[in-house]
Amino acid sequence: GQQVQQSPSSLVLQEGENAELQCNFSSTATQLQWFYQSPGGSLVSLLSNPSGTKHTGRLTSTTVTKERRSSLHISSSQTTDSGTYLCAPRTNTGKLTFGDGTVLTVKP
Amino acid sequence: GALVYQYPRRTICKSGTSMRMECQAVGFQATSVAWYRQSPQKTFELIALSTVNSAIKYEQNFTQEKFPISHPNLSFSSMTVLNAYLEDRGLYLCGARLGSQNTLYFGAGTRLSVL
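As you go down the protein sequences, you meet chains A and B in turn. Numbered by the working numbering, the letters in the first sequence go through residues 1 to 108 in order. Numbered by the working numbering, the letters in the second sequence go through residues 109 to 223 in order.
In structure tokens form, the structure reads like this:
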């Protein structure tokens, strides 16, 4: 089945610094979603990006489909960005497989 | 925008009892609904995927006998955890797919504790 590797597993930044999160997956994906999980557990969809580059606010996702990898760039990080970032490729059967996530801590 | 509402947000049940959780798509019709579980210290695992006009497909390690799902219409789904034990603790998320879009929208989840 699909294997998803995220790196780094944790990241600590000072407010204002940028973050680069990586996601590698083993099988072809028709979609690639990045999620944010708050400390309380709620899951929020950040970006859906099957290929190429997509922006929203301070977030930029770049997915290289052929190489089965995606990255999430967070610019000018804020303390409210702290939480877990999950990558989830989706197969053509509709199944999302989640990585273990990157735990981001942004210090003031 | 697309919203998914889950109820209850938190619940506690005694070991060996059952617990039902609900998932409502608000403002859109969900062509498919996926139920996921995040056990303590783990990532999300797919329990089952329910697609319109198709049978509910359960993942390995999850069965209809343990996690029966009802999907009576395009905006509502419910799942029951039967005979819950400690290993069933965790956050249960419902994800709904809007129309032909490839994006899954998740609810806030139901956190299950088992005593």
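Every residue, glycine too, gets a C-beta built ideally from N, C-alpha and C.
{"Query": "Supposed close pair I74/A, L86/A - CB separation, criterion 8 Å", "Result": "Not confirmed; about 14 Å, so no contact."}
{"Query": "Nearest-angstrom Cβ-Cβ length linking A19/A and S77/A, presumed shorter than 8 Å", "Result": "6 Å"}
{"Query": "Buried/exposed call for P8/A, threshold 16 Cβ in 10 Å", "Result": "exposed"}
{"Query": "Close beta carbons around N191/B, own chain, < 8 Å, minus the five adjacent residues each side", "Result": "G124, T125, S126 and K174"}
{"Query": "Distance between beta carbons of Q132/B and Y113/B, contact taken as under 8 Å", "Result": "4 Å"}
{"Query": "Exposure label - Y193/B; buried when at least 16 CB within 10 Å", "Result": "exposed"}
{"Query": "Alpha carbon of V222/B to alpha carbon of T53/A, nearest angstrom", "Result": "43 Å"}
{"Query": "Integer-rounded CB distance, given that S147/B should sit under 8 Å from S185/B", "Result": "In fact, because the Cβ distance is near 21 Å, the residues do not count as touching under 8 Å."}
{"Query": "CA-to-CA distance, T56/A to V106/A, given in whole angstroms", "Result": "20 Å"}
{"Query": "Length of the line joining the Cα atoms of L137/A and Q6/A", "Result": "The structure shown does not extend to residue 137/A, since chain A spans only 1 to 108, so no value can be given for it."}
{"Query": "Below-7 Å beta-carbon distance, G217/B vs any chain A residue", "Result": "yes"}
{"Query": "First through last residue of the beta strand (DSSP E) which encompasses Y85/A", "Result": "G83 to R90"}
{"Query": "Near-chain B residues of the stretch 27 to 41 of chain A - C-beta to any C-beta below 7 Å", "Result": "T30, Q31, Q33 and G41"}
{"Query": "Counted within 10 angstroms of its Cβ, other Cβ atoms place G207/B as buried (16 or more) or exposed", "Result": "exposed"}
{"Query": "Under 7 Å between C-beta atoms of F35/A and S42/A", "Result": "no"}
{"Query": "Neighbour flag for D100/A against chain B, beta carbons, 7 Å", "Result": "yes"}
{"Query": "heavy atom of the ligand FAD below 6 Å from Q31/A C-beta", "Result": "You won't find the ligand FAD in this model; it holds no ligand whatsoever."}
{"Query": "Three-state secondary structure (DSSP) of K122/B", "Result": "coil"}
{"Query": "Under 7 Å by beta carbon: chain A residues contacting S133/B", "Result": "Before going on, a small fix: residue 133/B reads as Ala here, not Ser. In chain order: nothing, as chain A lies at least about 14 Å away."}
{"Query": "Buried or exposed (CB count within 10 angstroms, at least 16 for buried), V12/A", "Result": "exposed"}
{"Query": "Where E173/B sits in the DSSP three-state scheme", "Result": "coil"}
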